[in-house]
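There are 2 protein chains.
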Amino acid sequence: MRQEDAPLVRTLPLFAGASEMTVEKLLQASFLQRFPAQVELISEDQPADFFYVVLEGCIELFANAGPKQSTAAIVRPVSSFAAAAVLRDGNYLLSARTVEQSRVLMIPGESVRAAFAGDAAFAKAFALELASAYRRTMKALNNQKLRTAIERLANYLLQEHQTQGATGNLTLPTEKQTLASLLGMTSENLSRSFGALAAHGVKVTGRDIQLSDIAGLETIAKPIPLIDDPAY
Amino acid sequence: MRQEDAPLVRTLPLFAGASEMTVEKLLQASFLQRFPAQVELISEDQPADFFYVVLEGCIELFANAGPKQSTAAIVRPVSSFAAAAVLRDGNYLLSARTVEQSRVLMIPGESVRAAFAGDAAFAKAFALELASAYRRTMKALNNQKLRTAIERLANYLLQEHQTQGATGNLTLPTEKQTLASLLGMTSENLSRSFGALAAHGVKVTGRDIQLSDIAGLETIAKPIPLIDDPAY
DNA sequence: AAGGTTACTTGATATTTATCAAGCGGTTTA
DNA sequence: TAAACCGCTTGATAAATATCAAGTAACCTT
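Protein sequences appear in the order of chains A and B. When the letters of the first sequence are read in order and numbered with my numbering, they come out as residues -19 to 212. When the letters of the second sequence are read in order and numbered with my numbering, they come out as residues -19 to 212.
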């Protein structure tokens, strides 16, 4: 890792509380790498050599089963992936590709496990990161099992709207086919779902979405904190 | 906790490697409780006071959204739940009820966090437990998104068949309606899916299932290690 | 700016899954 | 023993979702 990037990286929540020495050792062994769009960073079923922290850009995590493919998550700054695989010293469960040009911190699994064993504060921060990923995934499972496609889309829009500042507008971070896969539907079905939401103030212009009837959208979405509040 | 139960509890993988003092402190504060069937142990959205280890019996974890309900997991000995909620000192994401009479070790969240901070070996074991739960959930999500109802059932049967000794027979651990909810379908649909699998050597007698054509069932199920191998 | 590729949309249709309603068989309860 | 209940199954139907096939619009690329 280059010297000039160190200050930025040190402010990561993952390193908050960790000893100077721990951070030093971790960063010494790490790579701060820039990748172009559509590059596959890791492939499922491979040994988990690195733990990844997304600093800039956007990463898609996905799984394959035969000819089918499903997007499991979209990771945006500052967040991480592959925590479980690295801690277990096992294999990746998901593949990862850049959605757009991205800057990523790659920490060797061996270093992570050493820091985990040697620094209680880092262990806590890392485990909390893992716990967050777990809860996000559990919510995604509930979302998938308890809701229809339109409800999932409506909730996604409401959440993204919040994340992007609740201005009445939002921009999809990915192509619609990726969003469709994330939401567990085909892209045709996503198109039609957007069509159905048009009657409730959802105006789609390419990737830009305008929401003119939040309340109406909420009656469709029926959001519940347990699934939809990111803080939970 | 009663003295006579201590030896049993000390052999738990969760405590392997932890110092004598850590285990002592944890157990001192814990309760080893026996519950009858169909008792709700925790309710989603409540403060996560306890971390649970299932020693005997069977626990169902489930989520509600309005009138709908979905079984997220069936926890059997020796395994745990609520690790993430307790570590974060947050709220439970799922409700839990006993499927049958069960014996459960309840460890106060405060004690868990103290042990995590003070004992690196315990921290590692606890985080690995969390990582396992995370990966199981991610596999469940992929299972749900990438497969049809019949495929999910076929894979469930194959896996349960393995777990129960691969004798050609297996017994469902829960009522069929619970299984249906776990597999993300209605109980009517489960009935029909069993019906469809009859042509592939699946004979159903109440909760007892006989599999006479494993190979045929596998061509239906198309299992892949990344989703179906519990060791992954 | 032209051409080609790709993403997206739309329509028609098929498949999957859920819902509603009834009935069956076993167990519990009065 | 009869009645009530519960889990499960089965049938008929409806809703949700996927698939297949064009067509359109957006975007590269040259």
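Every residue gets a Cβ at the ideal spot worked out from N, C-alpha and C, and that includes glycine.
- For M86(B), the beta-bridge partners assigned by DSSP are F11(B), Y32(B).
- For I22(A) against A62(A), the beta-carbon gap comes to about 7 Å, under 8 Å, which counts as contact.
- In chain order, L126 make up the part of chain A whose C-beta sits under 7 Å from the C-beta of K48(B).
- Residue-level contact check: D25(B) touches chain A, since one or more beta carbons of chain A fall below 7 Å from its beta carbon.
- With 16 or more other Cβ atoms inside 10 Å of its own Cβ, Q124(A) counts as buried.
- Contact of A113(A) with chain B by beta-carbon distance below 7 Å involves Y114.
- Shown here, R77(A) sits in a strand according to DSSP, grouped into three states.
- Under the 8 Å Cβ criterion, the region 27 to 41 of chain B counts as touching the region 71 to 88 of chain B, having at least three qualifying pairs.
- At the C-beta level, T78(A) and I54(A) stay beyond 7 Å of one another.
- Within the region 97 to 180 of chain B, the complete beta strand (DSSP E) runs of at least 3 residues fall at 149 to 151.
- Here R132(B) is buried, its C-beta having at least 16 other C-beta atoms within 10 Å.
- With contacts defined as CB atoms closer than 7 Å, A211(B) and A134(B) fail to qualify as a contacting pair.
- Within the region 74 to 97 of chain A, the residues whose Cβ lies closer than 8 Å to some Cβ of chain B are L74, F96, A97, listed in chain order.
- Contact annotation: M118(A) and L67(B) have beta-carbon atoms that are not nearer than 7 Å.
- A straight-line Cα-Cα distance of about 12 Å links R(-10)(B) and F102(B).
- Contact annotation: in the region 99 to 113 of chain A, residues whose CB is within less than 7 Å of a CB in chain B are A100, A103, K104, A107, L108, L110, A111, A113.
- Only G164 from the region 132 to 164 of chain B bring a Cβ to less than 8 Å from some Cβ of chain A.
- Against chain A, the beta carbon of I207(B) has neighbours under 7 Å at A45, listed in chain order.
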